[in-house]
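Participant:
Number of protein chains: 2
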Amino acid sequence: MTTTSAKSGRSRTRAAGEGGSRRGRGSPALASERREHLVRLAAELFAEKGFQATTVRNIADEAGILSGSLYHHFDSKESIVDEILSGFFTEIMESYRAVIDEGRNPRDTIAGLVRVAFGTLEPHRAAITVMQNDWNYLKGMERFAYLTKSEDEVEKMWVSTLQAGQAEGLFRPDLDPKLTYRMIRDTVWVAVRWFRPGGQLDAQGLAEHYLKVMFDGINLH
Amino acid sequence: MTTTSAKSGRSRTRAAGEGGSRRGRGSPALASERREHLVRLAAELFAEKGFQATTVRNIADEAGILSGSLYHHFDSKESIVDEILSGFFTEIMESYRAVIDEGRNPRDTIAGLVRVAFGTLEPHRAAITVMQNDWNYLKGMERFAYLTKSEDEVEKMWVSTLQAGQAEGLFRPDLDPKLTYRMIRDTVWVAVRWFRPGGQLDAQGLAEHYLKVMFDGINLH
DNA sequence: GGCAATACCAAGCGCTTGCTACATTTCCGG
DNA sequence: CCGGAAATGTAGCAAGCGCTTGGTATTGCC
Chain A
6 MTTTSAKSGR SRTRAAGEGG SRRGRGSPAL ASERREHLVR LAAELFAEKG FQATTVRNIA
66 DEAGILSGSL YHHFDSKESI VDEILSGFFT EIMESYRAVI DEGRNPRDTI AGLVRVAFGT
126 LEPHRAAITV MQNDWNYLKG MERFAYLTKS EDEVEKMWVS TLQAGQAEGL FRPDLDPKLT
186 YRMIRDTVWV AVRWFRPGGQ LDAQGLAEHY LKVMFDGINL H
Chain B
6 MTTTSAKSGR SRTRAAGEGG SRRGRGSPAL ASERREHLVR LAAELFAEKG FQATTVRNIA
66 DEAGILSGSL YHHFDSKESI VDEILSGFFT EIMESYRAVI DEGRNPRDTI AGLVRVAFGT
126 LEPHRAAITV MQNDWNYLKG MERFAYLTKS EDEVEKMWVS TLQAGQAEGL FRPDLDPKLT
186 YRMIRDTVWV AVRWFRPGGQ LDAQGLAEHY LKVMFDGINL H
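Line by line, the protein sequences are chains A and B. The opening position of the first sequence corresponds to residue 6 in the working numbering, with each subsequent residue numbered one higher. The opening position of the second sequence corresponds to residue 6 in the working numbering, with each subsequent residue numbered one higher.
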């Protein structure tokens, strides 16, 4: 019964070339390539149906293997989503720091951060979706403590930049920096829900649209 | 085993007065009161852990009954979340229409819609959280087709108002109305993640802060 | 006091879940 | 062409899932 469904879903991805045939131990770099492929498959499913609603059998089916075989590559289902999220966080933290380290004026820095964030929308669509939808569930586990930790660090970057901008007379003084940061952050990430790479507007176009509204509002001055 | 855990979690809420003792058929208004109480309990759990991660045993535990007893009040777990969401949507659609029907200028109408949305944040916190986190999962079921339907209607209200504002020269003409609507909508709803009723800023204060940024931007003019 | 309705318990069914233990196949370096 | 690591298959376990069935208190009404 289970075997039937597994076999029917088989070789969906295997068929698509990719140098697909099995190999032994040789070429250790390529061995982890298979692993990364599985992570990407899982990420898509997690994003589509949610982490908890996605079963290891779903993932295995998509990869054209049986669920048990997944555990040759991963310790657990959690370790898969861990790899997805930690990868994303590592990259975006680095990009954020690079923008900060340019040491430009607060307005340009904020614009840079916004562009970076929108820039991750396409390459990390699945990871961001998982982060958005399953944050509450994941943040409760010690394993994912780094989520809250990283978020705190990011918040400090934004808030201090916003405050510097207020001090320099660039931004309105009657805004709560923390509140403003949250508004910006949420607006950027939440776009992942309706953003589709092939649409009329690409991620950078979206960023520019948002920067206009954020800096000057929707009013005609 | 299951019995043990169920009993240990018992009477958590029952103890808190509420005229708790069982009653026969009399007072039909109060009978549905019990039901509504269960719905609220479930809503809190759904919001906290997600719809799928919340088990019927969780809900029953919180109510101080056994999981099977829930099915005296509800057809299924789905029908519970249905009641939560349909209630919320009915109310907000009504409020939205009331604002539109006031027939004020686009700027005031947009402001009114924003205030309505923020106003639901407190009374419908759980429902909005569920809508945000489990939208993808729920929208796929025919039972919840009204979610997408209502969203379409809401989008039309906002977009047409934004377009009218552009036509009257109130809003900047170089904005995509649909995109702008989505930004506003998401920014409002996503606030439910960090908004806590007891905080320094209440929902209306939040609305005013957001209106400032949205209309005039964060730049100092 | 009996009746019907309500609200619940007790028990468990059929199925799915994440994961495991062991066997088998594939493939490359020597 | 063979030894061995890597990758997958086979089979299934224990736990948990949503939900059902049948029985039992408790209550208001006639």
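All C-beta atoms in this analysis are idealised placements derived from N, C-alpha and C, irrespective of residue type, glycine included.
#1: Is there a C-beta anywhere in chain A that falls below 8 Å from the one on B:Ala58?
#2: Rounding to the nearest angstrom, what Cα-Cα distance links A:Ser72 and B:Thr95 in this structure?
#3: What are the residues in the segment 177–191 of chain A lying within 8 Å of chain B by C-beta distance?
#4: With DSSP as the reference, please indicate the residues paired to B:Asn224 in a beta bridge.
#5: How is B:Met146 classed by DSSP in three states: helix, strand or coil?
#6: Would you say A:Gly92 faces chain B, with C-beta separation under 8 Å as the test?
#7: Where do the N-terminal and C-terminal ends of the alpha helix (DSSP H) with B:Tyr186 fall, by residue?
#8: Taking only beta-carbon positions, decide if B:Phe220 is within less than 8 Å of chain A.
#9: Output needed for B:Glu245: all residues of its chain with C-beta closer than 8 Å, excluding positions within five of it in sequence on either side, in chain order.
#10: Is it true that the segment 85–94 of chain A meets the segment 46–60 of chain A, where meeting means three or more beta-carbon pairs spaced less than 8 Å apart?
#11: Under the criterion of a Cβ to heavy atom distance below 7 Å, does B:Met136 qualify as lining the ligand ADP?
#12: Would you please verify whether the beta carbon of A:Tyr215 is less than 8 Å from any beta carbon of chain B?
#13: Applying the 10 Å Cβ sphere with the 16-neighbour rule, what's the burial state of A:Thr166?
#14: At which residue ranges does the segment 71–107 of chain A contain complete alpha helix (DSSP H) runs of 4 or more residues, listed in the order of the chain?
#15: Which residues in chain A have a C-beta closer than 8 Å to the C-beta of B:Glu53? List them in chain order.
#16: Go ahead and label B:Arg45 buried or exposed: buried means 16 or more other beta carbons lie within 10 angstroms of its beta carbon, across all protein chains shown.
#17: List the residues of chain A whose Cβ lies closer than 7 Å to the Cβ of B:Asn110, in chain order.
#18: Determine the closest residue to A:Lys183 out of B:Phe176, B:Glu160 and B:Phe200, with distance taken between C-alpha atoms.
#19: In angstroms, rounded to a whole number, what distance separates the CA positions of A:Val195 and B:Phe79?
#20: Smallest Cα separation from B:Gly69: which of B:Arg120, B:His42 and B:Leu152?
#21: Alpha carbon to alpha carbon, how far is B:Asp106 from A:Phe220?
Facilitator: Taking the structure as given:
#1: Closer than 8 Å: yes.
#2: Distance between the alpha carbons of A:Ser72 and B:Thr95: 43 Å.
#3: Listed by position, the residues of the segment 177–191 of chain A near chain B (Cβ gap below 8 Å) are Arg177, Pro178, Asp179, Leu180, Asp181, Leu184, Thr185, Arg187, Met188 and Asp191.
#4: Answer is A:Phe176.
#5: Reduced to three states, the DSSP call for B:Met146 is coil.
#6: By the rule that beta-carbons nearer than 8 Å mark a contact, A:Gly92 does not touch chain B.
#7: Note, B:Tyr186: alpha helix (DSSP H), Pro182 to Val195.
#8: True, the Cβ-Cβ gap to chain A drops below 8 Å.
#9: Absent from the structure is residue 245 of chain B, since the part of chain B shown begins at 6 and ends at 226.
#10: A contact exists between the segment 85–94 of chain A and the segment 46–60 of chain A.
#11: Looking for the ligand ADP in the displayed structure turns up nothing, as the structure carries no ligands at all.
#12: Yes, A:Tyr215 lies at the interface with chain B (some Cβ there is under 8 Å from its Cβ).
#13: Looking at its Cβ environment, which holds 16 or more other Cβ atoms inside 10 Å, A:Thr166 is buried.
#14: Those alpha helix (DSSP H) runs which fall completely within the segment 71–107 of chain A and span 4+ residues are 72–75 and 82–106.
#15: The answer, in chain order, is Asn141.
#16: B:Arg45 should be labelled exposed.
#17: Chain A residues near B:Asn110: none, gap ~13 Å exceeds 7 Å.
#18: It is B:Phe200 whose Cα lies nearest to the Cα of A:Lys183.
#19: So the two alpha carbons sit approximately 33 Å from each other.
#20: Taking only the C-alpha atoms, the option nearest B:Gly69 is B:His42.
#21: Cα-Cα distance, rounded: 31 Å.
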